[in-house]
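Numbering (this note's numbering), first residue to last: 13 to 1042.
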């Protein structure tokens, strides 16, 4: 009998036949399931025959099917045999071979998935094959007779699970909607989508009617800031993530608790075949503070499916969901799953571990029943239309369905982790530090890639800074624990696109941009790390020189805050040198910074005072003045300033969106004038900002937009569209808009392009736009157009933007764009465009700034004035360019003469300083404040010349100034560093305080600049004092 594990293609005939008794003994020794053994005996009894077992194999499933899976186990046991004697009714069939497959050895699974449905394992027992052959062909024949075999072995992939969820709720009458962009552009309270409900916020708040009262989706989310800041936990455990997917189903005034609970149960138990014995649910226990009783309604519906000991009361923290300090809220029911072994379950009941942070008893689904509105005074009132909002963590569900102990062991992350191992040479599962690093990189790669695809580039402000922090954390782990000293993460992008590109087409569409941005960011931060290490080395040397072993926490924080050098890397480098970091002080400085940011952003908002019900009608495309009434208002306090927000029934004011700034103007009637200093958009609602309330808010007003500012914005917005078209015409169709800003003063346009736009290309772009302006092309305003018709017109959808079923398209000739902004009635009203700058924003992203109309005209006048001034300087030379060139050449010649004079003087000065050097305890001390003004590079050259002249025992301290600014320079001979433990960088850093400056450098040479020239002599003397030579 052979037990084959390494060669599944082995010939069956090569195995020695044996009797069934030996086969059974062998199987029991191998701990094959007793059910399998009994099945084999049963076959012998039923057929009244002896069994000749040809082979008993434990085969890696992946080897059979030449695929990576995922599979519900690693191996499957197969017995190949034939009936030797007779068979029923005396029939003999010596040519018939049989195969019995033990599926119960695979994770003790009761159900497995295949062809879009689940099968009970008992459906597959055995099959027959007509002739002996290689094992591969035998399996193929077996699958022909028993196709369910493969279905029962292979589990659901992540992509199949995602689709099964959407398909289930589509069958319950839900509209499947796409994920909203992960980057939020029109909600000032959020930078990123952090929950499935974000894209439905306007509907929940009553600002927008839903296109369908039942909807379902899989929403990509990012949680790295605010109360959801899990960033530092990501990678250290196996279940926190930055970017994750949230499966959700929604009801807006349609079904409520009964249906939500019933469908949740049916999907998990009937569709996914999860054993209900492993599920626990929570219900809100009630709140005396809010005057709410226990959610007995939800409990009664759960009782139809679960025994009482599986229904658990939950407190307000876990089981009462709130959108914010005010707004819609309500009780919720969580569904938890117990993934422990049977022995562990018998020892400790799962109910006692719910919401106790047990890694194997986890929440997978939260059903929120929004039925209240929280007012500013804290009280609750019923919502007019109840909402169901459910969210199920996709990665956790995949983990459950694939029988894994960690989210990172599923096919969501494993392809990335394997690729990381391949590129780095490290293996996952060997050491904790490497495992953490690989998890961090795999997780962060997803967050960074989706953010860039949705239009958010890394930067030093707001959402861009969050993305930069995530990327740098990943680079730091790759640098520290995987030894990566070059850009690394961008090489993982093809793997991510291969795994998720089908579900999220923005990834492959933006792959080139994501890769370039990521590579440049990685390389930039690696340079920062190198700089930080040099600075840290200086701090360590300074600390050692002071006889200390603890690095100042404030200096460690400066490295972090100013240079982006992370604390954990600082601690690692210090520990290698036998030192530690004062982390308490570091954290104090960090908290101070957070408090400053929090105080700066703190906003107190009162409840809305409702004067009348209704929605805002926007008239700004056609009017700059219109009668209106105030529907509601509220007071807002921010940064010790008070202002008011007004919602009007009708408004000509454009609310900031799509890059165009909000309008300003006035509300006016015979008794009052109220200045509107800005118009914002909050949850798709135009909000008018004013410093004071009208005396009679209920009165009718005339809303008047600042006409000059509006017309300038319209011209700049239309010019932006023409600029976009011209760039595509000149540079190529790869150009895509990546951002814009339209103000009355200027326009800014960011676009994808992988090299600097040349002066000639800019001139061609500007010429094309001005030609379109002179053609005076009229505006074609296509409003309320079905989106498919808009695409037929040639309108290009931008990645990262969310469009409805009906859209507005703005067309000027061949320029056709989706747009909701304000535009000139014809291109001629722009007047003229002038490009004033072109620059880089990030890898693969360029930025153009331009002005139009009167601003462009004024810039030409200013340029003419400069030219006239230059002419007067050159006696009104006819050929101004030639005159300037001649002057530059003459100046260069004079400069060479001056440098010759300076070199002669410096040589003489060097000889004098060396000759007059003081001998202080064997040290040759050169110290002087130089009497003439010298360039810093000349002073540096002088110091090195003195160093060459005095190669040993030298301390040279030079004070100098250039253009009114002081410079302190220190040079040490190498033996002084070794003999006295001196460090030039530390010396100048301490002495620089006397010239109100700072500096640093290497142990043998350093400089410091400052503001106070009068302190130079004191600074020179301070260095001598530090050396102990005063």
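Cβ coordinates follow ideal geometry from the N, Cα and C atoms, glycine included.
All values derive from a computational prediction rather than experimental measurement.
query                                                                                                                                                                                : result
What residues are listed by DSSP as bridge partners for residue 4?                                                                                                                   : Nothing about residue 4 can be read from this structure; the chain reaches only from 13 to 1042.
Roughly how many angstroms separate the alpha carbons of residue 873 and residue 471, rounded to a whole number?                                                                     : 35 Å
Quick test of your reading: residue 754 and residue 732, contact by CB under 8 Å. State the CB separation rounded to the nearest angstrom.                                           : 6 Å
Mind checking which residues open and close the beta strand (DSSP E) that includes residue 384?                                                                                      : 373 to 386
Which residue's Cα is closest to the Cα of residue 323: 295, 970, 413 and 839?                                                                                                       : 295
Contact defined as beta carbons within less than 8 Å: I believe residue 799 pairs with residue 786. What is the distance between those atoms, to the nearest angstrom?               : Their Cβ separation, rounded to whole angstroms, is 33 Å, which puts residue 799 and residue 786 out of contact at 8 Å.
Could you name the residues that DSSP lists as bridge partners for residue 620?                                                                                                      : Looking at the DSSP assignment, residue 620 forms no beta bridge with any residue, so it has no partner.
Could you tell me if residue 737 is buried or exposed, where buried requires 16 or more neighbouring beta carbons within 10 angstroms of its beta carbon?                            : buried
Taking the beta carbon of residue 900 as the centre, do at least 16 other beta carbons fall within 10 Å, making it buried, or is it exposed?                                         : exposed
Hey, could you find the ends of the beta strand (DSSP E) residue 944 is sitting in?                                                                                                  : Neither: residue 944 is in no beta strand (DSSP E) and is coded neither H nor E.
What's the gap between the Cα of residue 23 and the Cα of residue 491?                                                                                                               : With a pLDDT of only 23 at residue 23, under 50, the local geometry of the prediction cannot be trusted, and the value read off the model is given with reservation. Taking the straight line from one Cα to the other gives about 50 Å.
Between the C-alpha atoms of residue 266 and residue 397, what's the straight-line distance to the nearest angstrom?                                                                 : 8 Å
Compare the beta carbon distance of residue 616 and residue 649 with 8 Å and say whether it is the shorter of the two.                                                               : yes
Using a threshold of 8 Å, state whether the C-beta atoms of residue 642 and residue 750 are closer than that.                                                                        : no
Tell me which residues share the same chain as residue 378 and place their Cβ nearer than 8 Å to its Cβ, disregarding the 5 neighbours each side in the sequence.                    : 333, 344, 345, 346, 347, 402, 403 and 404
Please give me, in chain order, every unbroken run of the beta strand (DSSP E) with length at least 3 that falls completely inside the stretch 620 to 700.                           : 637 to 650, 653 to 660, 677 to 681 and 684 to 694
With 16 as the cutoff for other CB atoms within 10 Å, does residue 990 come out buried or exposed?                                                                                   : exposed
Could you say which of 486, 696, 706 and 668 lies nearest to residue 684 if we only look at CA atoms?                                                                                : 706
Expressed to the nearest angstrom, what Euclidean distance is found between the alpha-carbon atoms of residue 704 and residue 659?                                                   : 14 Å
Apart from the five residues just before and just after residue 134, which ones in its own chain have a Cβ nearer than 7 Å to its Cβ?                                                : With a pLDDT of 37 at residue 134, under the threshold of 50, the predicted position of this residue should be treated as unreliable, though the coordinate-derived value follows. There are no such residues.
Please determine if the stretch 532 to 539 and the stretch 974 to 981 are in contact, where contact requires at least 3 C-beta pairs separated by less than 8 Å.                     : no
Is residue 389 helix, strand or coil by DSSP?                                                                                                                                        : coil
Contact between the stretch 926 to 944 and the stretch 994 to 1005: three or more CB pairs below 8 Å?                                                                                : no
Give me the Cα-Cα distance between residue 782 and residue 722, rounded to the nearest whole angstrom.                                                                               : 21 Å
If contact is defined by three or more beta carbon pairs under 8 Å, each pair taking one atom from either stretch, is the stretch 250 to 258 in contact with the stretch 217 to 232? : yes
Using the Cβ count rule (16 or more neighbours within 10 Å means buried), how would you classify residue 752?                                                                        : buried
Please list, in chain order, all residues of the same chain as residue 1024 whose beta carbon is under 6 Å from its beta carbon, the five residues on each side excluded.            : 1007 and 1008
Look up residue 989 in the DSSP assignment and say whether it is helix, strand or coil.                                                                                              : helix
Between residue 240 and residue 207, what straight-line distance do the alpha-carbon atoms span, to the nearest angstrom?                                                            : Only weak support is given to the placement of residue 240: the predicted model assigns it a pLDDT of 49, under 50, and the value that follows is read from those uncertain coordinates. Roughly 10 Å separates the two Cα atoms.
Since residue 802 contacts residue 821 with CB under 8 Å, what's their CB separation in whole angstroms?                                                                             : 5 Å
With three or more C-beta pairs closer than 8 Å as the rule, is the stretch 584 to 594 touching the stretch 546 to 560?                                                              : yes
Report buried or exposed for residue 425, applying the criterion of at least 16 other Cβ atoms within 10 angstroms of its Cβ.                                                        : buried
What first and last residue would you give for the beta strand (DSSP E) that runs through residue 343?                                                                               : 339 to 350
So, for residue 583: in the same chain, excluding its five sequence neighbours on each side, which residues have a beta-carbon less than 6 Å away from its beta-carbon?              : 593
I need the DSSP call for residue 952, collapsed to helix, strand or coil.                                                                                                            : helix
Are residue 896 and residue 954 touching if we call contact CB-CB under 8 Å?                                                                                                         : no
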